[in-house]
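For this note's numbering, add 283 to where a residue sits in the sequence shown, where the first one is 1.
No residue lacks a Cβ here, since even glycine has one placed at the ideal position from N, Cα and C.
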Amino acid sequence: MSLLDGWFPLTVQIVAVVLLVVAIGWRTRRWRLIWLPASVAVAVLGAFGVHLYFDSQGLATDPAPRSLWIWVGVTVGALGVVVFGWRSARWWRRGVAIAVVPIALLATGIVLNQWVGYFPTVSAAWGEITSGPLPDQVSASDLASMRNTTHTTGALVPVTTPDTSSHFAHRTEYVYLPPTWFVGATPPTLPVVMMIAGEFNTPADWIRTGDAMHTVDAYAAAHHGSAPVMVFVDAGGSFNNDTECVNGSRGNVADHLTEEVRPYVISHFHTSSAAANWGIVGWSMGGTCSVDLTVMHPDLFSSYVDIAGDAAPTAGTAAQTLSRLYGGDAAMMQSFDPATVMSRHGPYQGISAWYDDTGDSPRTGRRPGGGGGGGHHWTHSAQSSGTGLGGRGEGPDANDQGQAAQTLCTENKAVGIACQIHTQPGRHSWQFASTALSVSLPWLASTIKVPGA
Numbered sequence: 284m285s286l287l288d289g290w291f292p293l294t295v296q297i298v299a300v301v302l303l304v305v306a307i308g309w310r311t312r313r314w315r316l317i318w319l320p321a322s323v324a325v326a327v328l329g330a331f332g333v334h335l336y337f338d339s340q341g342l343a344t345d346p347a348p349r350s351l352w353i354w355v356g357v358t359v360g361a362l363g364v365v366v367f368g369w370r371s372a373r374w375w376r377r378g379v380a381i382a383v384v385p386i387a388l389l390a391t392g393i394v395l396n397q398w399v400g401y402f403p404t405v406s407a408a409w410g411e412i413t414s415g416p417l418p419d420q421v422s423a424s425d426l427a428s429m430r431n432t433t434h435t436t437g438a439l440v441p442v443t444t445p446d447t448s449s450h451f452a453h454r455t456e457y458v459y460l461p462p463t464w465f466v467g468a469t470p471p472t473l474p475v476v477m478m479i480a481g482e483f484n485t486p487a488d489w490i491r492t493g494d495a496m497h498t499v500d501a502y503a504a505a506h507h508g509s510a511p512v513m514v515f516v517d518a519g520g521s522f523n524n525d526t527e528c529v530n531g532s533r534g535n536v537a538d539h540l541t542e543e544v545r546p547y548v549i550s551h552f553h554t555s556s557a558a559a560n561w562g563i564v565g566w567s568m569g570g571t572c573s574v575d576l577t578v579m580h581p582d583l584f585s586s587y588v589d590i591a592g593d594a595a596p597t598a599g600t601a602a603q604t605l606s607r608l609y610g611g612d613a614a615m616m617q618s619f620d621p622a623t624v625m626s627r628h629g630p631y632q633g634i635s636a637w638y639d640d641t642g643d644s645p646r647t648g649r650r651p652g653g654g655g656g657g658g659h660h661w662t663h664s665a666q667s668s669g670t671g672l673g674g675r676g677e678g679p680d681a682n683d684q685g686q687a688a689q690t691l692c693t694e695n696k697a698v699g700i701a702c703q704i705h706t707q708p709g710r711h712s713w714q715f716a717s718t719a720l721s722v723s724l725p726w727l728a729s730t731i732k733v734p735g736a
């Protein structure tokens, strides 16, 4: 059952509106002149307050859809109807008023989910809420018994990587092992792709929401079981901790990914340690991370796929970013700025980049004759509709994603990094990220030298 479109989201909204009207009723003159207007005032103030909180925290400064603020107001207003109208309501109307609050809250959550595309279906939401098992999940202790066996799909292993170097408190991370990993008495030395999600994230997001398991299994099926090992990392530590993968006041995430996760995967899963065999795929915030980590550590990574990331780590305006991510340390901020890093490093060798962005967003304009899904695109200054942000925190000082790709690719070429820009139809949502992964994976597999690619 879809949570993004179809009958279910609309039905929830209709039910909420109908029940709210019933809960309000006609009642007394005092109710209509005093308490009902008070409930409306509370609804407006509540929506305004949540809006201010979003802005102050830099959670998503690209405008949210107006429907989100409307439903926040409806939910707060429904609560006001319960409190202000309790004494003047009959018992059955009290029951209806109480029932409206969770239904309106559900409608608000659905609108929020439609914005970011986080839960495409009811089953996906239920799996996340209940922490249900992920597709093809096995324990690390099961791997030995799975050797010398034939598999049509890969296996997903939860891992607890160390934090001795970074001291970054992270959640369980996951490693995907393709079918070919189980062939023979010892694992083959395979290339690796590090998978990084968006600002609001869990390490399982690429698996549950981005459909990465289906994508890589399909690739493996078309290549005789051969595919890269994938490591789904924790770049946040908690759901709403926007770290941008830097070392700073929100955690030493860059150190965790480069000094802890990478060596752990190499030692525990017998993967390649060569930079030429390591790539990164990042979505939204993760796209920014993929650029930063690769240009800062060309000795560790050789290729990246930046799916709708920003031009640099961003957590609001430039001033907010400096304060929130780096604790006011301007030198540290410069050390994680991709343009600065590339210019200081000078010519690179053997580094490749793939940028993917939406082609149908109102924030982007197509280059004349640009064609379809694989064409370049240019940007203009049209205001965003705010739909499908996908958890990307972008401030007024930052370039939009399309311009970021153009800027970064130009800077790439100046220092010898091969790059290409692609567009796919869609908007900034997890569904777009899933499509971009399926389109870019064959290129990435070839670039990091997956056997048979």
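Taking the beta strand (DSSP E) that residue 439 falls in, what are its first and last residues? 438-442
Quick one, are the C-beta atoms of residue 637 and residue 711 less than 8 angstroms apart? no
Bounding residues of the beta strand (DSSP E) (the contiguous stretch that carries residue 525): Premise fails: residue 525 is in no beta strand (DSSP E) and is neither H nor E.
With DSSP collapsed to three states, give me the class of residue 481. coil
Taking 8 angstroms as the limit between beta carbons, can you name the residues of its chain near residue 467, skipping five residues before and five after? 430 and 431
Helix, strand or coil for residue 575, going by three-state DSSP, please let me know. helix
Touching or not, the stretch 406-419 and the stretch 299-316, by the rule of three or more beta carbon pairs under 8 angstroms? no
From residue 309 to residue 371, what distance separates their C-alpha atoms? 11 angstroms
Determine the closest residue to residue 564 out of 360, 349 and 493, with distance taken between C-alpha atoms. 493
Can you check whether the CB of residue 451 is closer than 8 angstroms to the CB of residue 536? yes
Cβ pair residue 543, residue 448 closer than 8 angstroms: yes
If the criterion is Cβ atoms closer than 8 angstroms, does the pair residue 575 and residue 596 meet it? yes
By the DSSP assignment, the beta strand (DSSP E) with residue 411 in it spans what residues? Premise fails: residue 411 lies in the alpha helix (DSSP H), 405-412, not in any beta strand (DSSP E).
If you count every other CB in all the chains shown that lies within 10 Å of the CB of residue 608, and 16 or more means buried, which is it? buried
What is the rounded straight-line gap between the Cα of residue 358 and the Cα of residue 312? 24 angstroms
Quick one: measure Cβ to Cβ for residue 404 and residue 284, integer angstroms, because I've assumed they're closer than 8 angstroms. 6 angstroms
Kindly identify the DSSP beta-bridge partner or partners of residue 615. For residue 615, which the question treats as bridged, DSSP gives no partner whatsoever.
Are the stretch 471-484 and the stretch 564-573 touching by the rule of at least three beta carbon pairs closer than 8 angstroms? yes
Could you have a look at residue 640 and say whether DSSP puts it in helix, strand or coil? strand
Count Cβ pairs between the stretch 452-462 and the stretch 380-398 that sit closer than 8 angstroms; are there 3 or more? no
Is there contact here, the stretch 577-596 with the stretch 510-522, by at least three beta-carbon pairs under 8 angstroms? no
Proximity winner among 549, 461, 436 and 533, relative to residue 511 (alpha-carbon distances): 461
Taking the alpha-carbon of residue 367 as reference, which of 701, 698, 326 and 349 has the nearest alpha-carbon? 326
For residue 533, count neighbouring C-beta atoms within 10 Å of its own C-beta (all shown protein chains included) and say buried if the count is 16 or more, exposed if not. buried
Once the 5 residues before and after residue 722 are set aside, which same chain residues still bring their CB inside 6 angstroms of it? none
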